[in-house]
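Asks: Have a look at this one before I ask anything.
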Amino acid sequence: MDIVTTETIPNREIVETLGIARGNTVEARNVGRDITQSIRNLAGGELKAYSELLTKARNEAISRMKADAEELGADAVVNVRLETSAVTDGGSEVIAYGTAVRLE
């Protein structure tokens, strides 16, 4: 399945729009990770544990969006967007969404 951030897919024709495909996940930090990242925050630099956590969350959200699109009978998802928001202290939601389409 093609998943793109553009409105079209080069050399492919969209023949049907099936609706919005979406997937989300909520990931929480853990106490041990918070302690080590707080120390790193004092020294500066990338907070790798948090980067890894958000990468995992983005991948899961995209995977769930793809599954939703497949349930709709889509061949592709176009105009894909990702958003992140804090839903609780220490927990972030990542949502992936786009337009599920059928290709010629």
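For what it's worth, the UniProt record's numbering labels the leading residue of the sequence shown as 1, then goes sequentially. Where is the CB? At the ideal position from N, CA and C, for every residue including glycine.
1) So, for Lys56: in the same chain, excluding its five sequence neighbours on each side, which residues have a beta-carbon less than 8 Å away from its beta-carbon?
2) In this structure, does DSSP put Ala67 in helix, strand or coil?
3) Which residues share a DSSP beta bridge with Gly91?
4) Could you name the residues of the same chain whose beta carbon sits closer than 8 Å to that of residue 176, not counting the 5 residues immediately before and after it, in chain order?
5) Give me the Cβ distance between Ile20 and Val80, rounded to the nearest whole Å; I'm assuming they're in contact under 8 Å.
6) Ile14 to Ala61, Cα distance in whole Å?
7) Just grab the DSSP bridge partners of Leu82 for me.
8) Leaving out five residues before and five after Val87 in sequence, what residues of the same chain have Cβ atoms less than 8 Å from its Cβ?
9) My guess is that Met1 and Ala76 are in contact by the Cβ rule of under 8 Å, so how many angstroms apart are they, rounded?
10) By how many angstroms is the C-alpha of Arg12 removed from the C-alpha of Ala69?
Replies: Per the coordinate set shown:
1) Glu27
2) helix
3) Ala28, Thr88
4) Examination of residue 176 is not possible in this model, given that the chain is present from 1 through 104 alone.
5) Going by Cβ atoms, the distance from Ile20 to Val80 rounds to 11 Å, so no, they are not a contact pair.
6) 24 Å
7) Ala96
8) Val26, Glu93
9) 6 Å
10) 18 Å
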